[in-house]
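A.B. asks:
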Amino acid sequence: MSIVTFYLKLLCFFIWIFLVSALYLIVAIFTKQRSTIFAKTVNCLGKGILPIAGIKLNIEGTQYLTAEHPCVVLGNHQSALDVAIFGAMCPPNTVGIGKKEIAMIPLFGWLFKYSGGILIDRKNKRKAISQIDEAVQAVINQRVSIGILPEGTRNRLGKGLLPFKKGAFHLAIAAQVPLVPIVVAEFGVLVNFEKKILKRGTINVRVLPPISTKGMTESQTGELTEKTYQLMLSALNEIKSVVH
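If you count by my numbering, then the sequence shown holds residues 28 to 271, one letter each, in order.
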């Protein structure tokens with residue numbers, strides 16, 4: 028792909044993100060059902076960005092993504108394209124958790140904040156715990172699902188998984204809701220913005236069966252974290268190829 032085509036696609040991404048974010052930001056300001064706005068926004072973003080990029084998803088286990096019962100949805104973090112990939116699969120009534128710096132991004136960051144997204148101050152542990160508690164209450168009282176990338180940062184090597192932070196697992200145990208892990212195959216050969224790579228192809232995705240937290244206590248957070256990590260790593264190794 029020529030460098031001109033790469034930048035044209037990138038321009039189309041930004042135009043689409045601007046239009047969708049502007050539209051849903053206006054809607055979010057004037058509605059009380061903000062959690063539905065978050066899911067609709069990222070779904071719309073994903074279903075627009077992926078075709079522009081020439082990316083298709085081969086998804087296994089879609090039956091585990093349901094809006095019937097709240098859960099904590101987990102995913103591995105490789106690239107800025109993750110927003111589009113997970114967004115295209117986002118169940119209704121789901122909100123995301125992200126670092127507070129997201130709110131500084133014009134339009135999309137503002138929308139993240141005003142559509143029910145929960146922002147975490149990772150540099151202030153006490154404040155971060157309070158914000159996780161806010162997410163727990165949202166799950167319990169508003170019956171929303173929460174989407175989290177437990178690695179906490181992009182895995183720029185594109186190999187395996189980075190160590191998981193425990194916030195998502197504290198949240199799931201405190202709210203007594205299941206974890207639903209989503210594993211996306213390594214796709215650096217198709218998409219790498221730093222190297223200006225943007226090729227057509229199909230990315231394999233696997234949604235794993237829900238992991239119950241019923242009856243678990245906070246003392247079992249480490250055990251749950253390790254169990255989930257190993258399940259996701261095993262699945263990632265099984266689906267690591269992409270289809271060009």
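Using N, Cα and C, we set each Cβ at its ideal position, and we do this for glycine too.
1. Between the C-alpha atoms of I129 and L146, what's the straight-line distance to the nearest angstrom?
2. Taking only three categories from DSSP, how would you classify R233?
3. Closer than 6 Å by C-beta to K83: which residues in its own chain qualify, once you throw out the five before and the five after it? Chain order, please.
4. Are the region 107 to 119 and the region 251 to 260 touching by the rule of at least three beta carbon pairs closer than 8 Å?
5. On the DSSP bridge assignment, give the partners of V100 in chain order.
6. What residue from E245, A80, T58, C71 has the CA that sits closest to L35's CA?
7. Just grab the DSSP bridge partners of E87 for me.
8. Of all the options K127, Y141, C98, which has the alpha carbon lying nearest to the alpha carbon of T121?
9. Output needed for L50: all residues of its chain with C-beta closer than 6 Å, excluding positions within five of it in sequence on either side, in chain order.
10. Check this for me: beta carbons of V234 and V211, under 8 Å apart or not?
11. Among K140, I200, I209, L37, which residue has its Cα nearest to the Cα of I53?
12. What residues in its chain sit with their C-beta under 8 Å from that of R170, if we drop five residues either side in the sequence?
13. Taking 8 Å as the cut-off, decide whether the C-beta atoms of L225 and V218 are in contact.
14. Where DSSP assigns a beta bridge to V122, which residues make up the other side?
15. How far does the alpha helix (DSSP H) with I56 in it reach, from first residue to last?
16. Can you tell me which of the three DSSP states N168 falls into?
17. Assign P133 to buried or exposed, taking buried as 16 or more other Cβ atoms, counted over all protein chains shown, within 10 Å of its Cβ.
18. With 8 Å as the threshold, decide whether the Cβ of R170 is near any Cβ in chain B.
19. Please determine, among L198, V31, Q164, D160, the residue with the shortest C-alpha to C-alpha distance to P177.
20. What is the DSSP secondary structure of V69, reduced to helix, strand or coil?
21. Taking Q168 as the reference, give the member of W43, E265, A201 with the closest Cα.
22. Just curious, the alpha helix (DSSP H) that I112 is in, first and last residue?
23. By a C-beta neighbour count over all protein chains shown, 10 Å radius and 16 as the cutoff for buried, is F57 buried or exposed?
C.D. replies: Inspection of the coordinates gives the following:
1. 8 Å
2. strand
3. T229
4. no
5. G174, V207
6. A80
7. R233
8. C98
9. none
10. no
11. K140
12. P97, N120
13. yes
14. I173
15. 30 to 56
16. helix
17. exposed
18. The question asks about chain B, but that chain is absent: this structure has only one protein chain.
19. L198
20. helix
21. It is Asn, not Gln, that sits at residue 168 in the sequence shown. Of the listed residues, the one whose Cα sits closest to N168 is A201.
22. 109 to 116
23. exposed
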